[in-house]
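Chains as they are written, first to last, in the numbering used here: chain D, 789 to 1312; chain L, 72 to 730. Ideal placement from N, C-alpha and C gives every residue a C-beta, glycine not left out. Heads up, the thing below is written out as C-alpha cells.
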Amino acid sequence: MNAPILTYVTFLPLFGVPFILALPQNSDNGKNLIRGIALVASIITFLASLRLYFAFDPGVAGFQFIEDHPWISSYGIRYHLGMDGLSFWLVLLTTFLTPLTILSTWRAIDKRVKEFQVSMLVLETAMLGTFVALDLFLFYVFWELMLIPMYLIIGVWGGERRIYAAIKFFLYTAVGSLLMLVCIIGLVYFHKEHSGTLTFDLLKLYGTPIPRMYEILFFAAFALAFAIKVPMFPLHTWLPDAHVEAPTAGSVILAGILLKMGTYGFFRFAMPLFPQGSAYFTPLIIVLSIIGIIYGALVAMVQPDIKKLVAYSSVSHLGYCMLGLYVLTRQGVEGSVLQMINHGISTGALFLLVGIIYERRHTRLIKEYGGIARVVPVYSTIFFIVTLSSIGFPTTNGFIGEFLILIGAFKVNKAAAVLAASGVILGAVYMLWMVQRVFYGELKNPKNISLKDMNLREVVYMLPLLVLIFWIGLYPNFFLNKMHVSVDHFISQVKVEKIQQESHVATIFAPLEESGATVPTAKE
Amino acid sequence: MDKYIFLIPLFPLIGFLINGLFGKKLGKGVISFIGCATIGFSFIVALFIWKALLALDPGHRLFTETLWQWIGCGGLKVGVSFLIDPLSMVMILVVTGVGFLIHVYSTGYMYEDESYWRYFSYLNMFVFFMAMLVLGGNYLVMFVGWEGVGLASYLLIGFWYQGIDNAIAGKKAFVVNRIGDFGFVLGMFLMFWTFGSLSYMDVFPKALELFEHGSMHLNAPVIVAICLLLFVGATGKSAQIPLYIWLPDAMAGPTPVSALIHAATMVTAGVYMVARTNVLYTLAPTALLVVASIAAATAFFAATMGVLQNDIKKVLAYSTVSQLGYMFIGVGVTAYWAGIFHLMTHAFFKACLFLCSGSVIHAMGGDQDMRNMGGLAKKMPITYITMLAATLAISGLPPFAGFFSKDEILGKAFAFPFYPVAGKIIWFIGTVGAGITAFYMFRLIFMTFHGEFRGTEEQRHHLHESPPNMTVPLIILGTLSLVGGWLGVPELIGRLTGHIPNFLEGFLEPVFEHSSNIVAQYASHAHVSEPVEWTLMTTSVVVAVIGICLAYYIYMVHGRDLPGKLAEKYAFHYQVIYNKYYVDEIYEFLVVLPIYYFSLFLWKVIDGFFIDGIGVNGPAWLVKRTSAGARLVQNGYVQTYGAFMLVGLVTIVCFFIYR
C-alpha cells in the first residue's frame, strides 16, 4: 500500500474545520451550511474508509496499511499507524456512525453550531487516530485528544447538570490515563534496559521481558485506565451522568465508540503487552464482568429515565464484551469484537431514538409517556426493532454477539457462562418493561396527543442502522471473516501463560467431565 | 424436492413483509388474500413435499437443504439449513394446514378491527417462525424459530395494546419464555462442547456412536444435563410446571391467536423438540423420568384449575396446559410417536374448541363469562355441533380423535420401559386427569350451550351464528376431530375392525428407530398383555363417562344452585383452586418483588451512596475541604501573615534552643 490511506482517513474530518471556522453562524442558512460541511466531511471520511474494506486482506495476521515515520527521533517516538481485523471494524464503525450522528444534530443543536461541529470533527479524528496508532506515545496523544471535544460537548451543549457530569467524566478518565502514562514510560524503560534502544513502538514493545511484579503492576495501571472507559463495575458511575447530561450526539458517540476504546485498549495494549499480568487478574476481571452484566441490567430496570436506562444497559452489554475477551476462546473473542460493533449500532440507535422523542417533548421520564404507539407508529416500530437487537433476539446482531461470547465462555468457565446468560433474561425484562410503559396502554398524557412521528431526515439516519442490525444478524460471517486471523493471533499472543490462568477458573461441571462422560471431541 | 423446502417459510415471510410494510394502505380484501394465500401456498408446497417423501423408501425419507453458512467461527459452523423427515413433515402439515384454516377464520373474526393489516402481518410472521422451528436442520435454527414464535406471541397477546393488561400479559409471556430459553441455550452450549456440532445430522449419530463404543453409558451425566436443560426451554414454551403461568394470561390476545399459537402449534414446540431429540432422551432415562413426572403433575393440576374457571377461554387455556402434559407424558415414556399423535389430534380439536369459543364470544359481543351464557345451542347450531364434536374428542370417548391418542399415551405410560412403577403412577394420575378433563369440558358445554340464557337482553338480541368464513373452518376442524384419530389406530382395535393399519406410527417409525432399539435392548421389557390393554382402555372410557355424568348431574340436573352450594361447603378448597393455587402471587412475592427492591437498593445505595457518594464525590469533597482550609492561610491580610511569621520564627528559635 503506497498511499498513506490511514492518514487520509484519520485526518479527513479535519479538512472540514477551516471551512466551518470561516463561515458566519448568525443566520439559519449559515448554520445549515456549517452542518452541511461537517456532514460532507464525515461522509467523505466514510467513503474513504470504505476503500479500506476492499484493500484489507483478511488472511494477514499482522498489521496492514502500515505507515511508519520518525516523529520525535530523540525519544524513539514514531508516527506509526496500522490496522488489523479488530481495528478495521472499529474504524469503519466510527466513520459510519459519525455522519449519522451529525445528521441527528440538525435541529437539536442550535446554539454555537460552529463550535459544536468542529468538536465533532476533531473528535472523529482523535477516535480514528486512537484505533490506528501503533506507537504508544502517538496513541496516548490521540487518547487524550479525545477527551477535550467530548468534555466540551457534554459541558457546553449538555443538560442541567452538565458541568458536574463533564468534570466527572474528565477526572475519571484523566486519573486512569495518567497512571497509564507512568507505566508506558516504565515499559519503555524496561525495553531499553533489555534491548538498548529507546522506542515507543508497540510492535517492538510486545514481548518485552519485565519482572513479574512490574508486569502485574503495569497491567493493573493500563487495565484501570481502560476499565474506566469500558466502563467496568465499580468504575461505571461517570457513565450514567455523562449520558444523561450529554446531548444526543454526545451520547451516541460516547456509547457507540468511546466505550470501545476501553475494550480495544485491553485487546491491543493491556493484554498482549502484559500477558502475565493479564492472566493474574483474569479471575477478577471475569467476576467484575459478570457483576457488570447483572448489576447493569438490574439497575437499568429501575431507572425512571429512558436515557439512564440505556446508559446502564451499556454497562451490562460491555460486561459481555469483557467476558468474551477474557475467556480467550475463539468464539468468545470474536463474539466480543462483534458485540463491540453491535453495541455501537444498537445502543447508538437507542440513544438516537431517545433524542428524537426528547427533541419533541423535552423529557425523558418514562412516566411522562405511555400509549404513544398509537400516535407515533413509525417511531414505535423502529424503537421496537432496535429493542429486539438490544435484547439479543435471533436474526438480529445482538444475538450473534451474545451467543458467540456465551458459547465461548461456556467452554472455559461454565459458572461464568451460566451467570452471564441470566443477563439475557434481565435484558428482556428491563427493555420490554420500558417499552410497555412508554408505548403501550392508554394515551393518558394530553401532551403526547399531538406528538409528531419521525420525519424523513430521522428515518434516513435510522435506516442504515436497521439494515446493519439484520445484516449482522443474518450473515455475521461477512464480519467474522475479516477477524479470524487477527483473533487467532491475539489469542496466541495472550495465551502464553494459560496454565496459570486456568487454575483460577472454577468449573461447576468439573466432576461431570472427570467421570469420562464428556468426550473431548469439540475443537475450538 | 429438497430445493423447495425454503418456500414453506418464504411465503409467510413475504406475506409478513407486504402486510407489515404496506398493509396500512391496502384494502382489507387484499390483506386477507395475502395473509391467507401465503399460508395456503406453504401448505400446498408441504403437500408436494409429502408426496415426494412418501415416494421414497421408508428408511430414506429425508430431505435437507442449506441456504447459506450462517455462523462460522472456529469449530462452530452453523448453516441456515432445513431438514424434512416424517417428524417435521407431520409438524409442518399441521402448522400450515391448521394455520391456514385459522387465517381464513380470522378474516371473519377480525374484520372489524382497525389494525387488520397488523394482525395479519403478525400472524404470517408467526407461521414463518414456526416453520423455521420445525424445519430447522440444527438446534440454532430451531432456536431462531423458538424465540421468533415467542416474539409473534408477544405481539399478538398484546395486540390490543391500548389495554395495558394485554401488554403486560404479552411481556409476561416473553419474559417467562426467556427464562426457559436460558435453559435451552445452555443445553445447546453443553451439546456443542460435547458433540462438536449443533446439527441433528451430526449430534445424534455421534451420540449413538459414543454409546455403542461404550465411551458413553446409559444415563451419562452430560446427556442427562443436556436433556434437562433443553427441557427447561420446553417448560417455558410448552407451559409446563413451573413456567406454565404465562399461558392463561396469554388469552388476552384475539381468540384465533389463542387457537393457532396458544393451543394448536407454538405451545407444542416443546413436545416436538423432545421428540426431535429422542435419541438423546432415550440415552438419558433419568431425564425421561423428570419429563414424564412433570408432565403428569402438569396434566393433573392444570385440569383441576380448569374446573372452576368461568371465563370460557381460561377453561380452554388450562385444558391446553393439561393436554400438553399428556403429550409430554407420551414423549417422556419413550412413546414419541404417541406424543406427536396427540399433538396432532389436539391441534385439531383444540383449535376447533378455541375457534368455537371465538364464535361464541363474537355472538356474545365480546363477553367471555360463561355465567352469562346458556342455551346458545339453538342460536348457533353449527358452532354447537362442532364444539360438541371437539369436546367428545378431548374427553377421550371412542371413536373420536382424542380417544386414540390419549389412550395410546396412557397405555404406553403404564408400560414405561425404564421405570415400571413410576409408569403405573403416571398412568393413574393421567387417567384421573382424563376424568377431570371430561368433567370440565362438559361443564363448559352445559354452561354455554344448554339451559337458559343468562346474559342481558341486548346480548340476547345480538346472538347469531357466525358467517361462513368462520363456520367452514369450524366444520373442517370438527370433522378432523372426529376422524383424525383413525390415522393412528392402535393395533388392538385395528385387528378388531379388520386390519386398519396404523398409518402414523408406521410413517414416524424411522425417526424413532434408534430409540426403539435402545429401549428394546436395555429396558426391562414391560410388555402389556392383551387383556390388560383392554382393561386400561375400558377404564379410561369409564372414567371419562363418569366425568361427563358428574358434569351433567351438577350443571344440568341441579342447575344453578348445586355449584354454589358445593362452593360454600368446600370454601377453602374452592378459593385455593379458583385462585389457581396462588402460584402467580407466590412468584410475585418470592421472585419479582425481591428482585425489584434489590435493584432499587443497588441503584440508590451501592451506586448512589457507596460508589458515587463515598468513592467518587468523597475524595472530591475531601479535596474541596482541604483547599478551603488551606485557603485561609492565604487570605491577603498583612496581620495574618505577620502572625504566621511570628509563630514560625518562635518555633525555629525554640527548636535551636532546646534541641
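For the beta strand (DSSP E) containing residue i, name the first residue and the last one.
{"i": "L/A181", "result": "It is worth fixing the name first, because residue 181 of chain L is Met in this sequence and not Ala. Segment: none, L/M181 is in no beta strand (DSSP E) and carries neither H nor E."}
{"i": "D/Q1224", "result": "No beta strand (DSSP E) holds D/Q1224; the alpha helix (DSSP H) holding it covers 1202 to 1227."}
If you follow the alpha helix (DSSP H) that residue i is in, where does it begin and where does it stop?
{"i": "D/L794", "result": "793 to 810"}
{"i": "L/V676", "result": "Unbroken run through L/V676: none, as it is neither H nor E."}
{"i": "D/H979", "result": "950 to 983"}
{"i": "D/V1163", "result": "Premise fails: D/V1163 is in no alpha helix (DSSP H) and is neither H nor E."}
{"i": "L/L463", "result": "452 to 466"}
{"i": "D/P1028", "result": "1026 to 1033"}
{"i": "D/T1184", "result": "That residue, D/T1184, is in no alpha helix (DSSP H); it is neither H nor E in DSSP."}
From the DSSP output, read off the bridge partner residues of residue i.
{"i": "D/Y867", "result": "D/H857"}
{"i": "L/D382", "result": "L/D440"}
{"i": "D/L1244", "result": "Paired residue(s): none; D/L1244 is not in a bridge."}
{"i": "L/F134", "result": "L/I155"}
{"i": "D/D923", "result": "D/D989"}
{"i": "D/D1093", "result": "D/L1153"}
{"i": "L/S329", "result": "Bridge partners of L/S329: none, in fact."}
{"i": "L/S270", "result": "L/N209"}
Is the Cβ-Cβ distance between residue i and residue j less than 7 Å?
{"i": "L/M451", "j": "L/E528", "result": "no"}
{"i": "L/G410", "j": "L/V402", "result": "yes"}
{"i": "D/I1081", "j": "D/G1211", "result": "yes"}
{"i": "D/P937", "j": "D/V963", "result": "no"}
{"i": "L/G753", "j": "L/A509", "result": "What the structure shows of chain L is the stretch from 72 to 730, and residue 753 of chain L is not part of that stretch, so it cannot be assessed."}
{"i": "L/T357", "j": "L/V295", "result": "yes"}
{"i": "D/G1136", "j": "D/S1124", "result": "no"}
{"i": "D/F876", "j": "D/F925", "result": "no"}
{"i": "D/E981", "j": "D/G1065", "result": "no"}
{"i": "D/D923", "j": "D/F853", "result": "no"}
{"i": "L/I85", "j": "L/H174", "result": "no"}
{"i": "L/S329", "j": "L/A464", "result": "no"}
{"i": "L/S103", "j": "L/T167", "result": "no"}
{"i": "L/G241", "j": "L/G254", "result": "no"}
{"i": "D/S1177", "j": "D/D872", "result": "no"}
{"i": "D/T1025", "j": "L/I682", "result": "yes"}
{"i": "L/I79", "j": "L/A117", "result": "yes"}
{"i": "D/A826", "j": "D/V797", "result": "no"}
So what's residue i in DSSP terms, helix, strand or just coil?
{"i": "D/G1038", "result": "helix"}
{"i": "D/T1117", "result": "coil"}
{"i": "L/K149", "result": "Sequence inspection shows Val at residue 149 of chain L; the Lys mentioned does not correspond to that position. In the structure shown, L/V149 sits in a strand (DSSP, three-state: E or B)."}
{"i": "L/Q140", "result": "strand"}
{"i": "L/N650", "result": "coil"}
{"i": "L/G207", "result": "strand"}
{"i": "L/S113", "result": "helix"}
{"i": "L/L124", "result": "helix"}
{"i": "L/S286", "result": "coil"}
{"i": "D/K1286", "result": "Its pLDDT being 45, under 50, D/K1286 is placed unreliably in this model, and the coordinates cannot settle the point."}
{"i": "L/I185", "result": "It is Glu, not Ile, that sits at residue 185 of chain L in the sequence shown. Coil."}
{"i": "L/W67", "result": "There is simply no residue 67 of chain L to check, as chain L begins at 72 and stops at 730 in what is shown."}
{"i": "L/H521", "result": "coil"}
{"i": "D/R1148", "result": "helix"}
{"i": "L/T320", "result": "It is worth fixing the name first, because residue 320 of chain L is Asp in this sequence and not Thr. Of the three classes helix, strand and coil, the one that applies to L/D320 here is helix, per DSSP."}
{"i": "L/W231", "result": "coil"}
{"i": "L/V721", "result": "helix"}
For the region 887 to 918 of chain D, which segments carrying the beta strand (DSSP E) assignment without a break, of at least 3 residues, lie completely within its bounds, in sequence order? As far as the region 887 to 918 of chain D is concerned, it has no whole beta strand (DSSP E) run of at least 3 residues.
Only counting runs of 3 or more residues, tell me where the beta strand (DSSP E) segments fall wholly within the region 830 to 864 of chain D, in order along the chain. DSSP runs (the beta strand (DSSP E)) wholly in the region 830 to 864 of chain D: 852 to 860.
Along the chain, which unbroken stretches of the alpha helix (DSSP H) at least 4 residues long are found entirely within the region 574 to 660 of chain L? With a minimum length of 4 residues, the continuous alpha helix (DSSP H) runs that stay inside the region 574 to 660 of chain L are 574 to 579, 584 to 593, 601 to 623, 632 to 640, 642 to 649, 654 to 658.
Starting from the N-terminal side, write out each stretch of the alpha helix (DSSP H) that is 4 residues or longer and does not extend beyond the region 397 to 443 of chain L. Whole alpha helix (DSSP H) segments, 4+ residues: 407 to 434.
Scan the region 530 to 567 of chain L and note each continuous alpha helix (DSSP H) run of 4 residues or more that stays entirely inside, going in chain order. For the region 530 to 567 of chain L, whole alpha helix (DSSP H) runs of length 4 or above, ordered along the chain, are 539 to 554, 562 to 567.
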